[in-house]
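Colleague: Position 9 of the sequence shown, counted from 1, bears residue number 21 in my numbering, the numbering being contiguous throughout. Please see the structure below; I have some questions.
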Amino acid sequence: MIPDLIGATRDYWRKLDQLEAAYRRNELTPKEVNAQVKALMVELGQTRRQLLRDSWAIFQAFIARQGDALAGVTALGALAYVWLVVSS
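Rendered as C-alpha cells:
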C-alpha cells in the first residue's frame, strides 16, 4: 500500500508543535529538541522515499502492462502531427 505522505506531514507538524510547546515549558533542552527534530525529519524522509519507490514501481508495472497501447497512441499522435504539418 502507498504511504500517506500528507498524513505523515501532518503528524510531523503536530509533533513539531508538541516539541515547541514542551520547549516553551522548559521541559526540553535545545539539544534534546534538535535531536528529536532530526529524528522526525528522518522519519518523514523515509516515508517520502517509500512513496517515491512505490510510485515508481506502480509506474513501471503500468508501462509493462500497457506498453503496446501507449506505443500505439504515441504513433497515432505522431502521425496526426505529421499530417497536420504536411497538409498546412
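Backbone N, C-alpha and C fix where the C-beta goes; we use that ideal spot for every residue, glycine too. Keep in mind it's a predicted model, so treat the numbers as computed, not measured.
Do you know offhand how far F74's Cα is from D16's?
Modeller: Position 62 of the sequence shown, counted from the start, is the residue given in the question as residue 74. Position 4 of the sequence shown, counted from the start, is the residue given in the question as residue 16. For F74 and D16, the distance between alpha carbons rounds to 21 Å.
Colleague: Taking the alpha-carbon of Q48 as reference, which of L28, R22, G84 and I18 has the nearest alpha-carbon?
Modeller: Along the sequence shown, one-based indexing puts residue 48 at 36. For Q48, the nearest C-alpha among the options comes from L28.
Colleague: Taking the continuous alpha helix (DSSP H) assigned at E101, which residues delimit it?
Modeller: Residue 101 is absent from the structure shown; the chain starts at 13 and stops at 100.
Colleague: Taking Y24 and L52 to be in contact with their CB atoms under 8 Å, please state how far apart those CB atoms are, rounded to whole angstroms.
Modeller: Counting from 1 along the sequence shown, the entry for residue 24 is found at position 12. Counting from 1 along the sequence shown, the entry for residue 52 is found at position 40. At roughly 6 Å, the Cβ-Cβ gap stays under 8 Å, so Y24 and L52 are in contact.
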